[in-house]
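Heads up: the sequence shown is residues 340 to 481, going by the working numbering.
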Amino acid sequence: MSILNTPNPGAAGSLLGLDTKLTISQNGNVGIGTENPQGKLDVNGSIYQRGNRLHADYVFEPGYRLETIDEHSRFMWESKHLKAIPKGKIDANGQEIVEVGAHRRGIVEELEKAHIYIEQLHKRITILEEKLAKLEAGMNTE
340 MSILNTPNPG AAGSLLGLDT KLTISQNGNV GIGTENPQGK LDVNGSIYQR
390 GNRLHADYVF EPGYRLETID EHSRFMWESK HLKAIPKGKI DANGQEIVEV
440 GAHRRGIVEE LEKAHIYIEQ LHKRITILEE KLAKLEAGMN TE
């Protein structure tokens, strides 16, 4: 086991006054901030990613072309995945591989588009309910 420690005289739970920064166990698990990683990567603390396009707020911009619900549905069923989420890939060993940032951004984009669709449908339902109420009121006066 390989452990990288840094001096910290006030480190809680450390007899030697050291903070564990990085651990590589004998089975190849990597721990950041932990001495006993439970998976291939075990992080004790917040994880931050930096990059160009991490958020999907662009779906709310005036120039964004939101496909219609029918277009979205057609693509989804024909392609067997949501458009904004990268299609699954398999490596040479048959294992799925994912670029986490693009996958996460795609999930958020699809979620935000779904909320826009919900709002559009809610408006349509409200209009139809108002029309129905007027029709029913007209029938009750006869």
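The C-beta atom is built at its ideal place from N, Cα and C for all residues, glycine as well. Small disclaimer: the values here were computed from a predicted structure and weren't measured.
Drop a sphere of 10 angstroms on the beta-carbon of residue i, count the other beta-carbons inside from all chains shown, and report buried for 16 or more, exposed for fewer.
i: ALA431; result: exposed
i: ARG389; result: exposed
i: GLY449; result: Before going on, a small fix: residue 449 reads as Glu here, not Gly. Burial call: buried.
i: ALA423; result: buried
i: GLY370; result: buried
i: ARG392; result: exposed
i: THR359; result: buried
i: ARG444; result: buried
Between which two residues does the beta strand (DSSP E) carrying residue i extend?
i: ASP381; result: 380-382
What is the DSSP secondary structure of residue i, reduced to helix, strand or coil?
i: ILE429; result: strand
i: PRO369; result: This sequence places Val at residue 369; Pro is not what is there. Looking at VAL369 - three-state DSSP - the assignment turns out to be strand.
i: THR465; result: helix
i: GLU400; result: coil
i: LYS473; result: helix
i: ILE436; result: strand
i: LEU361; result: strand
i: LYS452; result: helix
i: ARG392; result: coil
Residue i to residue j, Cα distance in whole Å?
i: LEU354; j: ASN368; result: The predicted position of LEU354 is uncertain, since its pLDDT is 48 and thus under 50; a value taken from the coordinates is nonetheless stated next. Approximately 24 Å, taken between the alpha carbons.
i: LYS426; j: ASN479; result: 55 Å
i: GLU483; j: THR373; result: Only positions 340 to 481 of the chain appear in the structure, and residue 483 is not among them; the question remains open.
i: ILE464; j: LEU474; result: 15 Å
i: LYS470; j: GLY477; result: 11 Å
i: HIS394; j: GLY402; result: 17 Å
i: GLY440; j: ALA453; result: 20 Å
i: TYR456; j: ILE363; result: 46 Å
i: PRO376; j: LYS428; result: 27 Å
i: GLN365; j: GLU435; result: 24 Å
i: ILE408; j: VAL382; result: 39 Å
i: LYS462; j: ALA472; result: 15 Å
i: GLU410; j: GLY378; result: 40 Å
i: TYR397; j: ARG413; result: 22 Å
Could you spell out the range, first to last residue, of the alpha helix (DSSP H) harbouring residue i?
i: ARG413; result: 408-418
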